[in-house]
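Chemist: Structure provided below as C-alpha coordinates; questions to follow.
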Amino acid sequence: FEYPPAKHAKHEVTRIKNGTSIDCIWSAAQTSRIKNITDCELFTTDGLITVLWKAGIELDHNNKARAVVKFIVPGDHNLPKQFLLRSAATTDLGPHFLDIGE
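Each residue of the sequence shown is one higher than the last, beginning at 5 in the working numbering.
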(Lines of atoms letter the chains of each structure in order from A and count residues from 1; the text may use other names and numbers.)
(Lines give C-alpha, C1' and ligand atoms only; values in the text may rest on other atoms or scores of the structure.)
Protein backbone atom coordinates (compact mmCIF):
# COMPACT_ATOMS: atom_id res chain seq x y z
CA PHE A 1 0.00 0.00 0.00
CA GLU A 2 1.41 3.34 -1.02
CA TYR A 3 0.24 6.74 0.16
CA PRO A 4 -0.20 9.11 -1.50
CA PRO A 5 -0.98 7.23 -4.71
CA ALA A 6 1.71 7.61 -7.38
CA LYS A 7 -0.53 9.85 -9.49
CA HIS A 8 -0.31 12.49 -6.75
CA ALA A 9 3.42 13.00 -7.21
CA LYS A 10 6.05 12.53 -9.89
CA HIS A 11 9.50 13.51 -10.94
CA GLU A 12 11.02 13.85 -14.37
CA VAL A 13 14.50 14.17 -15.78
CA THR A 14 14.78 17.38 -17.79
CA ARG A 15 18.44 17.25 -18.83
CA ILE A 16 21.47 14.98 -18.61
CA LYS A 17 24.80 16.81 -18.37
CA ASN A 18 27.93 15.07 -19.65
CA GLY A 19 26.85 11.76 -18.13
CA THR A 20 27.70 12.98 -14.63
CA SER A 21 24.59 14.79 -13.45
CA ILE A 22 20.93 15.18 -14.30
CA ASP A 23 18.42 17.97 -13.83
CA CYS A 24 15.15 16.90 -12.27
CA ILE A 25 11.81 18.48 -11.50
CA TRP A 26 9.70 17.08 -8.69
CA SER A 27 6.02 17.96 -8.55
CA ALA A 28 3.05 16.98 -6.43
CA ALA A 29 -0.68 17.58 -6.70
CA GLN A 30 -2.00 20.46 -4.60
CA THR A 31 -3.80 17.91 -2.41
CA SER A 32 -0.65 15.84 -1.87
CA ARG A 33 0.84 15.50 1.61
CA ILE A 34 4.39 15.42 0.24
CA LYS A 35 6.61 17.90 2.08
CA ASN A 36 10.11 17.46 0.68
CA ILE A 37 12.41 15.19 -1.28
CA THR A 38 14.75 13.37 1.09
CA ASP A 39 16.82 10.97 -0.96
CA CYS A 40 17.72 9.97 -4.48
CA GLU A 41 19.15 6.74 -5.95
CA LEU A 42 20.21 5.85 -9.46
CA PHE A 43 20.16 2.28 -10.77
CA THR A 44 21.53 0.96 -14.07
CA THR A 45 22.05 -2.47 -15.59
CA ASP A 46 25.54 -2.32 -14.03
CA GLY A 47 24.05 -1.81 -10.58
CA LEU A 48 23.55 1.10 -8.24
CA ILE A 49 25.39 4.31 -9.10
CA THR A 50 26.45 6.29 -6.06
CA VAL A 51 24.53 9.55 -5.80
CA LEU A 52 26.38 12.48 -4.27
CA TRP A 53 23.38 14.71 -3.76
CA LYS A 54 21.37 13.70 -0.71
CA ALA A 55 19.93 16.98 0.54
CA GLY A 56 16.29 17.39 1.44
CA ILE A 57 14.42 19.72 -0.91
CA GLU A 58 11.23 21.37 0.20
CA LEU A 59 8.50 21.75 -2.38
CA ASP A 60 7.56 25.39 -2.97
CA HIS A 61 4.06 26.87 -2.70
CA ASN A 62 3.26 25.39 -6.14
CA ASN A 63 4.33 21.93 -4.89
CA LYS A 64 7.33 21.87 -7.25
CA ALA A 65 11.07 21.56 -6.69
CA ARG A 66 14.02 21.68 -9.08
CA ALA A 67 17.39 20.12 -8.44
CA VAL A 68 20.54 18.91 -10.08
CA VAL A 69 21.34 15.35 -9.05
CA LYS A 70 25.09 14.64 -8.94
CA PHE A 71 26.35 11.10 -9.08
CA ILE A 72 29.52 9.04 -9.49
CA VAL A 73 29.70 6.90 -12.62
CA PRO A 74 31.95 3.85 -12.11
CA GLY A 75 35.02 3.58 -14.35
CA ASP A 76 35.23 5.69 -17.50
CA HIS A 77 31.57 5.22 -18.42
CA ASN A 78 28.88 7.78 -18.98
CA LEU A 79 25.30 7.39 -17.84
CA PRO A 80 23.76 4.58 -19.89
CA LYS A 81 20.73 5.17 -22.08
CA GLN A 82 18.48 3.23 -19.72
CA PHE A 83 18.41 3.81 -16.00
CA LEU A 84 16.03 4.01 -13.08
CA LEU A 85 15.96 7.04 -10.84
CA ARG A 86 14.26 6.55 -7.48
CA SER A 87 13.60 9.37 -5.06
CA ALA A 88 12.02 9.35 -1.64
CA ALA A 89 9.80 12.05 -0.20
CA THR A 90 8.42 12.65 3.26
CA THR A 91 4.72 13.06 3.96
CA ASP A 92 2.56 13.52 7.03
CA LEU A 93 2.10 9.74 7.05
CA GLY A 94 5.67 8.63 6.37
CA PRO A 95 7.87 8.02 3.32
CA HIS A 96 6.73 7.86 -0.30
CA PHE A 97 8.84 6.55 -3.18
CA LEU A 98 8.83 7.77 -6.79
CA ASP A 99 10.38 5.80 -9.64
CA ILE A 100 11.23 6.98 -13.14
CA GLY A 101 12.81 5.09 -16.00
CA GLU A 102 14.55 6.91 -18.81
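C-beta: ideal position from N, C-alpha, C; glycine also.
Would you kindly work out how many angstroms separate the C-alpha atoms of isoleucine 29 and threonine 49, rounded to a whole number?
Modeler: Numbered from 1 along the sequence shown, position 25 holds the residue referred to as residue 29. Numbered from 1 along the sequence shown, position 45 holds the residue referred to as residue 49. So the alpha carbons of these two residues sit roughly 24 Å apart.
Chemist: Candidates Ile26, Asp27, Ser31: which alpha carbon is nearest asparagine 67's?
Modeler: Counting from one through the sequence shown, the residue named residue 67 turns up at place 63. Closest by alpha carbon: Ser31.
Chemist: Please list, in chain order, all residues of the same chain as phenylalanine 87 whose beta carbon is under 7 Å from its beta carbon, the five residues on each side excluded.
Modeler: Position 83 of the sequence shown holds residue 87. Leu46, Phe47, Thr48, Glu106.
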